[in-house]
Ligand code: EPU
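In my numbering, the protein residues as written are 934 to 1350.
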């Protein structure tokens, strides 16, 4: 197993290229199952999760080649509509295949994902959306088995605008008979990216980017070439690195429109940020002001940046309150950040962080993708050496993170444990 070793307190400067978005490419890859044929997808991040999804598509019968961030997928022979526990438990996004497999094959057998590192993450909205479209759902030995002759358009209202359930329902609805209306749909850019991909394939989805999606089912879709949007969570992570240990950092190939909430908070905390259509520049101006933050669905502050924001607040000039309203249990990074000497107390889904002048490097352990990012940020700002173990978590969601940080001047390397 690899670990990351960081010698902290190096000042970062320069340009970093932002990769394609993990949470956009995963559903797009799944959507290729909706129409047999060959797809060329560009700007695909080379991540552990991308490879896990490729393994799943291969089990279903697709073939692929993946080089230089360009992915060729051929779903002509995809015919085995099953997703096994071994894969789904390592990557919940595998559950995305439920809708498209049911729509295309009239049958899907997909393992329930189980819990995750920070608590239960149910899939009841995914299942009830498919049931509303006429699928029969059975639960058998940990698997969801969905059957339907042809799915029917339906009116679906989510209790919460779930990203995954919206994606699953949209992928099921594009081939359904008639119109589907999804109310309280997720507005995240990754869902818009998926809808744009499906429309390029010939789907008829309107209201993209809004809370109401209307989908007119079609009989057939066609393979296309497509480019993935930039990863706003990776971009936000580098911006926070800029605020913590930067002089001046430019993110190349980022979409500032997707980063509004994060940019506003960083400006409140005292940083100077300027943007162009496809870049964001952060200049660290001085001490970090302590700023409260509450996560919310898009366009609110992303839960996927909550851990990184907490790392920033550990070295701010006062006390801040961080609340996660999307995932109430997503705080496994708190005890690891405390190992750097950070002062954090927790009650329910609220953390109170008292900023300190400096942190001290320590051996720590990754627990999930974004928690790992927060530990890297803490290691970058801390005195002396930090060793971060179990970094397969970071490899799930950040492409070549240590190389990118080294390019900016960080002292960070990967070692075998
Ligand atoms: N929820 C339910 N029932 C459901 C689905 C969701 O109660 O059937 C609840 C969840 O428990 C949670 C809330 O709804 O409290 C939001 O969950 P959502 O379904 O939106 O999350 P997801 O689709 O499972 C995606 C991202 C996550 C990101 C969340 C929130 C992908 C592959 N994953 O997960 O990304 O945190 O949306 O924005 O897109 C990450 O990249 O590190 C990551 C965890």
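Heads up, the beta-carbon is just placed ideally off N, CA and C, and yes, glycines get one too.
- According to the DSSP assignment, residue 1085 belongs to no beta strand (DSSP E), since it is labelled neither H nor E.
- Around the beta carbon of residue 1279, fewer than 16 other beta carbons sit within 10 angstroms, so the residue counts as exposed.
- For the alpha helix (DSSP H) assignment, the uninterrupted runs of no fewer than 4 residues enclosed by the segment 1255-1289 are, from N- to C-terminal side, 1266-1271.
- Contact between residue 1315 and residue 1342 is ruled out by a C-beta separation of about 16 angstroms, above the 8 angstroms threshold.
- Excluding the 5 residues flanking it on each side, residue 1328 has same chain C-beta neighbours closer than 6 angstroms at 981, in chain order.
- Shown here for residue 1069: same chain residues with a beta carbon closer than 6 angstroms to its own, the five before and five after excluded, namely 1080 in chain order.
- From the listed residues 986, 1261, 1163 and 1105, the smallest Cα separation to residue 1035 is found for 1105.
- In this model, residue 1147 and residue 1088 are separated by some 9 angstroms (Cα to Cα).
- For the ligand EPU, a non-hydrogen atom lies closer than 7 angstroms to the CB of residue 956.
- In this structure residue 1178 is in contact with residue 944, their Cβ atoms being roughly 6 angstroms apart against a cut-off of 8 angstroms.
- Judged by DSSP in its simplified three-state form, residue 1163 adopts strand.
- When Cβ pairs closer than 8 angstroms are counted between the two stretches, the segment 1246-1262 is seen to touch the segment 1276-1292, the count reaching three or more.
- Annotation for residue 1131: no beta strand (DSSP E) segment contains it, though the alpha helix (DSSP H) segment containing it runs 1122-1133.
- Under a 10 Å Cβ-count criterion, residue 1200 is classified as exposed, with fewer than 16 other Cβ atoms of the shown protein chains found around its own Cβ.
- In this structure, residue 1123 has its beta carbon less than 7 angstroms from a heavy atom of the ligand EPU.
- Per the C-alpha coordinates, the member of 1154, 1109, 1331 and 1252 positioned closest to residue 964 is 1154.
- Check the Cα spacing between residue 1203 and each of 1173, 1228 and 1063: the tightest is with 1173.
- Rounded to the nearest whole angstrom, the CA to CA distance from residue 1260 to residue 1176 is 25 angstroms.
- As the crow flies, the alpha-carbon of residue 971 is around 35 angstroms from that of residue 1236.
- Residue 1093 has its alpha-carbon roughly 11 angstroms from the corresponding atom of residue 1057.
- Rounded to whole angstroms, the gap between the alpha carbons of residue 1192 and residue 1165 is 6 angstroms.
- As DSSP reads the structure, residue 1148 sits in a beta bridge with 1113 and 1138.
- Each of 951, 990 and 1102 was checked against the Cα of residue 1338, and the nearest Cα belongs to 951.
- Cβ-Cβ separation between residue 1321 and residue 1334: approximately 11 angstroms, too far for a contact (criterion under 8 angstroms).
- Residue 991 and residue 1285 have their C-alpha atoms roughly 45 angstroms apart.
- Judged by DSSP in its simplified three-state form, residue 977 adopts coil rather than helix or strand.
- Following the DSSP letters along the chain, one finds residue 1197 inside the alpha helix (DSSP H) bounded by residues 1193-1201.
- In this structure residue 1055 is exposed. Its beta-carbon is surrounded by fewer than 16 other beta-carbon atoms within 10 angstroms.
- The three-state secondary structure of residue 1093, taken from DSSP, is coil.
- Residue 1307 is positioned such that its CB atom lies no closer than 8 angstroms to that of residue 1324.
- In the assembly as shown, residue 1205 is an exposed residue. Its beta-carbon has fewer than 16 other beta-carbons within 10 Å.
- Looking at the DSSP output, residue 1239 shares a beta bridge with no other residue.
- Residue nearest to residue 1004 within the set 1347, 979, 1020 and 1114 is 979 (criterion: CA-CA distance).
- Closest by C-alpha distance to residue 1040, out of 1190, 1270, 1082 and 996, is 1082.
- Per DSSP, the unbroken beta strand (DSSP E) holding residue 1296 starts and ends at 1296-1298.
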